[in-house]
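Here my numbering runs 608 ahead of the position in the sequence shown, where the first position is 1.
Positions of the beta carbon are idealized from the N, C-alpha and C atoms, including for glycine.
As structure tokens, the structure follows; a few thoughts come after it.
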Amino acid sequence: MKRDFLTTLTEKGILADGAMGTELYRRGIFINRCYDELCLSSPEIVKEIHREYVSAGAELIETNTFTANRLALSGFGLETKVREINMAGATLARAVAGENIFVAGSVGPVSWTKKNAGVMDPKEIHDAFAEQIRALADGGVDAIFLETFTRLDELKIAYEAARSVTSLPIVCHLSLKYGGEGEFEGLQPEVAAEEMDIWGADVIGVNCSDGPIGVFEALKRMTKVTKKPLSAMPNAGLPQMEQGRLLYMATPQYVAEYARRFAQLGVKLIGGCCGTTAAHIHEMKNFIKAIRVDDTGKTKVIKDEQDKPYELHQVRFPSPIPVEEKSPFGALLGKKFSVSVEIEPPVSTDPSKALEGAMLLKEIGVDAINISDGPRAMARMSSTAMSLLIKERVGIEVITHYCCRDRNLLGIQMDLIGANALGLRNLMLITGDPPKMGNYPEATAVFDIDAIGLIKFAANLNRGLDFAGRPIKGSTKFLLGCGVNPGAVDIDLEVDRFARKVAAGAEFVFSQPVYEVERVEEFFKRIHSIPKIPIFVGILPLTSLRSAEFLHNEVPGMQIPKKVMSRMESAKTTETQRQVGMSVASEMLEAIHAMKEVTGGAYIFPPFRSYAAIGDLLNVIR
């Protein structure tokens, strides 16, 4: 007899599969293809992925139909094949699942692929969802999974469309943006859960989002406002670009440990999203098997960057004026051990807290303030506006971050000429995090150029040339900075890119946070043949064991050494963990202050905007 999905879910719990897109991409199918159409053109590949998940222990597999609605398929000229693709997706999954494995019909948001989804006719969106879901239901799925929705209004339309065409159970997933330390940016978990509960959703959950920590924190808060079964399907951390590919860095063991925590929290449906593989699902099965509910109903707790490198002997772009004359910050470079602290612009229209933080930092005695540009692809006040406000109202040197993610070449040139006119001289030029990481994952990633190209173009502006090499009236007076990660997974690639940034015109460099002096020393050995520019070593005090785990497993470019993690684990209270974190940061600051190779200084990231803690940290070098 075929099992009932909701009965099994509430009585036993269900382990779902992991990512489909990740596995297709891993097999060499690039993202310019329509993945949903592979159900027709490459059915064996899709079935192979389903079989791997079943072999790993998945008790539910999802159809390969995430964007198989007519609005998304129209971008590939496939809008007339909605029913055919969804029926095929359901049939392929059912053929692998048999009678013992559940099949869920995967339905993603229209806004994932439609830039104008916010102004589209709700009826058009409703009808597109209804058409897709009807085909999935007719294909024999056991439930409908609405997943990776970032907007509650669109999720409601999808839910209502599903209810209008089928009586199958409906699982509603939102993708929420975790800001750290239990905080969420934008839509709050409790509000979302209450809304979905009111609609009548059979299962409420969080998928995609960031990594396991963010999903866990969201569901923990959802348990306070709903009694509906909950679902957790996190990414394997946040993606990191390595050799032109987006890789998810969280290990199967780390994700599986959170699967155990999900089960202990009472979450009934557990699986994975972007970056998770059959290896993750296999580990998750092993980790949660001792938490499963027994027969009595009681819980048992037991852009490709591989272009031709710049040559190291390439002639540097000549500066129209000396570095020390470009700005007060430039005058400090190489002259003293300087300290710059990062401030994130607000997500609101009110800059007062950032200004207060900047004033406090000035009083503490820091030399400059870094203004980030949409870190983690979050929509915030522009770095240019925040920089100007701090420069004029606080009276301290600012270093304006500027990334390639959101602007084409035309917009970049306009922005930089404007920044020069505003008197913003210090630039930190970076590639930028992909939109997939942020609160608008459907946003277009422009990336006309990367950080290397951006530095080259900005250096041209300093010479009085536009991006095409044509003379312009006047020239900019930018001091050009770049970023580097001494702890990169592919350190050879990182060193090569750093060399190309220096060759392109970078005049100073800020590093990602580092927690071992040995890592800094090794990095200096690797870059000994590259022309020397002042380097600022990144320092980010750890505030808790949870934050350390989050940074290590879910934030691209971050690695917490085992010995540091052990020190954090040995501290049993939040306060002692904070003290250990500050001690580690103090030791690191003191060590780099004594290194003759560090000709720039320290680049400090205030832990969760705790600017007052910076004063205590700086005492070790005063």
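Do you know offhand how far residue i's Cα is from residue j's?
{"i": "Gly965", "j": "Leu623", "result": "46 Å"}
{"i": "Lys731", "j": "Phe674", "result": "20 Å"}
{"i": "Asn708", "j": "Gly787", "result": "39 Å"}
{"i": "Ile878", "j": "Phe792", "result": "21 Å"}
{"i": "Val654", "j": "Cys647", "result": "7 Å"}
{"i": "Ser1174", "j": "Gly819", "result": "22 Å"}
{"i": "Ala1199", "j": "Arg1078", "result": "47 Å"}
{"i": "Leu1017", "j": "Leu1069", "result": "13 Å"}
{"i": "Ala745", "j": "Thr774", "result": "7 Å"}
{"i": "Ala987", "j": "His658", "result": "36 Å"}
{"i": "Val1192", "j": "Lys961", "result": "27 Å"}
{"i": "Thr1207", "j": "Gly1113", "result": "18 Å"}
{"i": "Ile821", "j": "Ala864", "result": "12 Å"}
{"i": "Ala886", "j": "Glu652", "result": "17 Å"}
{"i": "Ala1027", "j": "Arg1033", "result": "8 Å"}
{"i": "Ile1060", "j": "Ala1111", "result": "9 Å"}
{"i": "Arg868", "j": "Ile896", "result": "5 Å"}
{"i": "Tyr1048", "j": "Arg1230", "result": "43 Å"}
{"i": "Pro959", "j": "Arg1001", "result": "11 Å"}
{"i": "Leu649", "j": "Ala698", "result": "The residue you asked about is not Leu; residue 649 is Ser in the sequence shown. Each residue's Cα considered, the two are about 15 Å apart."}
{"i": "Glu932", "j": "Ile1143", "result": "16 Å"}
{"i": "Asp612", "j": "Val715", "result": "21 Å"}
{"i": "Ala871", "j": "Gly1040", "result": "35 Å"}
{"i": "Gly845", "j": "Ser772", "result": "36 Å"}
{"i": "Asp981", "j": "Ile1020", "result": "13 Å"}
{"i": "Ala666", "j": "Gly1046", "result": "29 Å"}
{"i": "Met989", "j": "Pro953", "result": "5 Å"}
{"i": "Thr759", "j": "Ala809", "result": "The sequence given here has Arg at residue 759, not Thr. About 16 Å."}
{"i": "Glu692", "j": "Ala743", "result": "8 Å"}
{"i": "Leu940", "j": "Ser946", "result": "7 Å"}
Could you check whether residue j and residue i sit closer than 9 Å to each other, using their CB atoms as the reference points?
{"i": "Val1145", "j": "Ala1210", "result": "yes"}
{"i": "Ala572", "j": "Val779", "result": "Any question about residue 572 goes unanswered here, given that the chain covers just 609 to 1230."}
{"i": "Ala680", "j": "Val718", "result": "yes"}
{"i": "Ile1212", "j": "Val974", "result": "yes"}
{"i": "Leu782", "j": "Phe757", "result": "yes"}
{"i": "Ala976", "j": "Val955", "result": "no"}
{"i": "Phe753", "j": "Gly713", "result": "yes"}
{"i": "Phe737", "j": "Thr616", "result": "no"}
{"i": "Leu1225", "j": "Pro1149", "result": "yes"}
{"i": "His888", "j": "Gly626", "result": "yes"}
{"i": "Arg1015", "j": "Pro1042", "result": "no"}
Drop a sphere of 10 angstroms on the beta-carbon of residue i, count the other beta-carbons inside from all chains shown, and report buried for 16 or more, exposed for fewer.
{"i": "Leu1159", "result": "buried"}
{"i": "Asp761", "result": "exposed"}
{"i": "Lys843", "result": "Per the sequence shown, the amino acid found at residue 843 is Asn instead of Lys. It is buried - the Cβ of Asn843 has at least 16 other Cβ atoms within 10 Å."}
{"i": "Glu619", "result": "exposed"}
{"i": "Thr884", "result": "buried"}
{"i": "Ile910", "result": "Reliability of the predicted coordinates at Ile910 is poor, the pLDDT of 35 falling under 50, and no value is obtained from them."}
{"i": "Pro930", "result": "exposed"}
{"i": "Ile741", "result": "buried"}
{"i": "Phe1065", "result": "buried"}
{"i": "Ile733", "result": "buried"}
{"i": "Met1022", "result": "exposed"}
{"i": "Asp729", "result": "exposed"}
{"i": "Ala1096", "result": "buried"}
{"i": "Glu670", "result": "buried"}
{"i": "Ala1029", "result": "exposed"}
{"i": "Ala1202", "result": "exposed"}
{"i": "Arg1108", "result": "buried"}
{"i": "Phe638", "result": "exposed"}
{"i": "Asn594", "result": "Nothing can be reported for residue 594: it is not among the residues displayed for the chain, which extend from 609 to 1230."}
What residues are listed by DSSP as bridge partners for residue i?
{"i": "Cys1090", "result": "Val1117"}
{"i": "Pro1079", "result": "Leu1073"}
{"i": "Lys783", "result": "With the sequence shown as reference, residue 783 is identified as Ser, and Lys is not the correct amino acid for it. Its beta-bridge partners do not exist; DSSP assigns none."}
{"i": "Ile622", "result": "Leu877"}
{"i": "Leu1035", "result": "Thr1008, Leu1088"}
{"i": "Ser839", "result": "Gly813, Leu877"}
{"i": "Phe757", "result": "Leu782"}
{"i": "Gly1095", "result": "In the DSSP output, where bridge partners are listed per residue, Gly1095 has none listed."}
{"i": "Phe792", "result": "Tyr786"}
{"i": "Tyr1211", "result": "Ser948, Gly1146"}
{"i": "Leu668", "result": "Ala624, Phe710"}
{"i": "Ala976", "result": "Ser948, Glu1005"}
{"i": "Ala751", "result": "Ala712"}
Just checking my contact of residue i with residue j at CB under 8 Å: how many whole Å lie between their CB atoms?
{"i": "Ala1156", "j": "Ile1168", "result": "5 Å"}
{"i": "Ala840", "j": "Val811", "result": "Wrong, their Cβ atoms sit about 11 Å apart, outside the cutoff."}
{"i": "Lys970", "j": "Ile1004", "result": "5 Å"}
Under 8 Å: does the beta carbon of residue i sit that close to some heavy atom of the ligand FMN?
{"i": "Thr1151", "result": "The model depicted lacks the ligand FMN and carries no ligand whatsoever."}
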